[in-house]
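In my numbering, the protein residues as written are 28 to 154.
Notes follow the structure.
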């Protein structure tokens with residue numbers, strides 16, 4: 028039997044400090060830890076707080092430039108219209124067991140242009 032391996036990973040946005048948490052994990056007690064590259068230690072960040080920390084899952088796909096696509100990313104594709112090709116920017120969301128809109132077209136058709144936290148202005152035109 029052939030099995031396909033899918034990497035399951037997350038990224039985390041700290042809404043309180045407006046920053047990404049790198050190299051983190053949540054233990055079975057619900058405590059968040061972050062790896063400190065400068066000292067090689069694990070630092071306890073405290074209890075995981077869904078109010079302040081937003082977890083976003085990796086879709087398992089990469090965009091046309093090879094960049095990983097996560098929930099909360101804003102992706103661009105080009106649609107054929109009567110006036111030629113026009114860009115369409117859409118936030119990646121998870122619903123009904125799939126990541127939309129990237130489940131509807133090959134990931135090579137999408138390009139990550141930002142995310143809803145660092146570049147929220149891109150959502151003004153997003154669907």
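The C-beta atom is built at its ideal place from N, Cα and C for all residues, glycine as well.
Under 8 Å between C-beta atoms of residue i and residue j
{"i": "residue 80", "j": "residue 149", "result": "no"}
{"i": "residue 89", "j": "residue 138", "result": "no"}
Nearest-angstrom Cα separation, counted from residue j out to residue i
{"i": "residue 43", "j": "residue 73", "result": "14 Å"}
{"i": "residue 78", "j": "residue 62", "result": "22 Å"}
{"i": "residue 67", "j": "residue 56", "result": "22 Å"}
{"i": "residue 147", "j": "residue 41", "result": "15 Å"}
{"i": "residue 108", "j": "residue 33", "result": "35 Å"}
{"i": "residue 49", "j": "residue 92", "result": "22 Å"}
{"i": "residue 65", "j": "residue 110", "result": "53 Å"}
{"i": "residue 128", "j": "residue 69", "result": "36 Å"}
Burial state of residue i, where buried means 16 or more other Cβ atoms lie within 10 Å
{"i": "residue 46", "result": "exposed"}
{"i": "residue 143", "result": "buried"}
{"i": "residue 105", "result": "exposed"}
{"i": "residue 54", "result": "exposed"}
{"i": "residue 141", "result": "buried"}
Proximal residues to residue i (C-beta, below 6 Å), its chain only, five neighbours per side dropped
{"i": "residue 75", "result": "53, 57, 59"}
is_contact[residue i, chain C] using C-beta, thresh 8 Å
{"i": "residue 129", "result": "Reference to chain C is not applicable here, since this structure consists of a single protein chain."}
Inset, instruction - Kindly confirm or deny that the region 73-90 and the region 34-41 touch, where touching means at least three C-beta pairs closer than 8 Å. - result: yes
Legend entry - Meets three-Cβ-pair contact criterion under 8 Å: the region 117-124 and the region 94-109: yes
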